[in-house]
Amino acid sequence: MFHPGELVVYGTTGVCRVEEITRPNLTGADRNRQYYLLKPLFQDGVIYAPVESAKVPIRPVISAEEAEALIDLIPTVQAEACRAPTLQALAQHYQAAVRSHNCRDLLELMMSIYAKRQQAEAQKRRLGMVDERYMKQAERLLYGELSIALGIPFDEVQPYIARRVESAAPSTVS
Numbered sequence: 005m006f007h008p009g010e011l012v013v014y015g016t017t018g019v020c021r022v023e024e025i026t027r028p029n030l031t032g033a034d035r036n037r038q039y040y041l042l043k044p045l046f047q048d049g050v051i052y053a054p055v056e057s058a059k060v061p062i063r064p065v066i067s068a069e070e071a072e073a074l075i076d077l078i079p080t081v082q083a084e085a086c087r088a089p090t091l092q093a094l095a096q097h098y099q100a101a102v103r104s105h106n107c108r109d110l111l112e113l114m115m116s117i118y119a120k121r122q123q124a125e126a127q128k129r130r131l132g133m134v135d136e137r138y139m140k141q142a143e144r145l146l147y148g149e150l151s152i153a154l155g156i157p158f159d160e161v162q163p164y165i166a167r168r169v170e171s172a173a174p175s176t177v178s
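Plus 4 on top of the position in the sequence shown (first one is 1) and you've got this note's numbering.
Structure follows, in structure tokens:
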């Protein structure tokens with residue numbers, strides 16, 4: 005069980021603060037169950053989530069060490085653009101990665117879509133709407149969690165990753 009004040013990752017909402025554990029007086033809410041009152045950090049609103057529920061995963065935010073280890077993996081990830089016979093199949097593939105609630109899966113998804121974007125730009129084309137939508141969702145989820153884990157503002161996560169990856173790359177000095 006999580007406690008008020010803790011930061012958690014809730015489903016595809018992302019990082020939330022547990023505000024309280026309550027029995028809400030809401031239509032449709034089971035008064036015999038306890039609910040977390042969750043406040044998303046990177047979007048508006050509140051969420052009442054049953055404490056005992058297997059429907060929507062809720063887990064602790066990764067540690068700073070886990071975040072750094074994930075970033076260190078980036079140069080070793082072999083990202084290939086995902087191709088699917090239909091847009092529905094493509095969306096299902098991307099949705100599976102998002103619903104895994106795993107930071108590495110989100111990273112691989114983003115790198116795959118980035119590779120696809122590079123290929124499209126090389127052919128003077130734009131990335132498809134499905135690709136763009138899932139790229140934004142994966143970035144929001146991953147960067148939000150890394151922001152909290154590393155204690156840096158959301159807007160500084162991408163530049164931080166770029167600096168770390170660049171400094172890890174072997175230098176080519178002649």
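For glycine and all other residues, C-beta sits at the position ideal for the given N, C-alpha and C.
Task: At least 3 beta-carbon pairs within less than 8 Å: the segment 15 to 22 vs the segment 48 to 68 - done: The count of Cβ pairs closer than 8 Å, one atom from the segment 15 to 22 and one from the segment 48 to 68, reaches three, so the stretches are in contact.
Open item on the list: Could you give the first and the last residue of the continuous beta strand (DSSP E) run that contains G18?
Closed with: Looking up residue 18 in the sequence shown gives position 14. That run of the beta strand (DSSP E) goes G18 to T26.
- [ ] Identify whether L11 lies in helix, strand or coil by the three-state DSSP scheme.
- [x] Numbered from its first residue, the sequence shown carries residue 11 at position 7. Here L11 carries a strand assignment [DSSP, helix/strand/coil].
TODO: Decide if the segment 64 to 82 is in contact with the segment 45 to 52; the criterion is three or more beta carbon pairs, one per stretch, under 8 Å apart.
DONE: Counting Cβ pairs under 8 Å, fewer than three are found: no touch.
Open item on the list: Quick check on the DSSP output: the alpha helix (DSSP H) that includes L113 runs from which residue to which?
Closed with: Residue 113 sits at position 109 when you count from the first residue of the sequence shown. C107 to A126 is the extent of the alpha helix (DSSP H) around L113.
- [ ] Give me the Cα-Cα distance between L91 and L11, rounded to the nearest whole angstrom.
- [x] Walking along the sequence shown from the start, residue 91 turns up at place 87. Walking along the sequence shown from the start, residue 11 turns up at place 7. Distance between the alpha carbons of L91 and L11 is about 35 Å.
- [ ] Check E160 in the structure and name its three-state DSSP category.
- [x] Mapped onto the sequence shown, residue 160 falls at position 156. Assignment of E160 by DSSP, reduced to helix, strand and coil, places it in the helix class.
Open item on the list: Check for me: the alpha helix (DSSP H) holding R63 runs from which residue to which?
Closed with: As a first step, residue 63 must be located in the sequence shown, where it is residue number 59. Secondary structure note for R63: it is in no alpha helix (DSSP H), and the uninterrupted beta strand (DSSP E) holding it is I62 to P64.
Open item on the list: Quick check on A53: does DSSP put it in helix, strand or coil?
Closed with: The residue you call residue 53 lines up with position 49 of the sequence shown. Here A53 sits in strand by DSSP.
Open item on the list: Taking contact to mean 3 or more Cβ pairs, one atom from each stretch, closer than 8 Å, check whether the segment 146 to 154 and the segment 119 to 138 are in contact.
Closed with: Too few Cβ pairs lie closer than 8 Å, so no.
TODO: Compute the Euclidean distance between the alpha carbons of P28 and N106, then round it to the nearest angstrom.
DONE: The residue labelled residue 28 in the question sits at position 24 within the sequence shown. The residue labelled residue 106 in the question sits at position 102 within the sequence shown. Going by the C-alpha atoms only, they are around 30 Å apart.
Open item on the list: Using the Cβ count rule (16 or more neighbours within 10 Å means buried), how would you classify E69?
Closed with: Translated into the one-based positions of the sequence shown, residue 69 becomes position 65. By the 16-neighbour rule on beta-carbons within 10 angstroms, E69 is exposed.
Task: K140 (DSSP reduced to helix, strand or coil) - done: Residue mapping note: residue 140 aligns to position 136 of the sequence shown, counting from 1. When secondary structure is reduced to three states using DSSP, K140 falls in the helix class.
Open item on the list: Taking the straight line between their C-alpha atoms, what separation do you get for S178 and Q162?
Closed with: Within the sequence shown, numbered from 1, the residue matching residue 178 stands at position 174. Within the sequence shown, numbered from 1, the residue matching residue 162 stands at position 158. Legend: pLDDT at S178 = 48, less than 50; position of this residue unreliable, value from coordinates given subsequently. Whole-angstrom Cα-Cα distance: 30 Å.
- [ ] Can you tell me which of R37, A71 and L74 puts its alpha carbon nearest to the alpha carbon of E56?
- [x] Within the sequence shown, residue 56 is the residue found at index 52, counting from 1. Of the candidates R37, A71 and L74, the one whose C-alpha sits nearest the C-alpha of E56 is R37.
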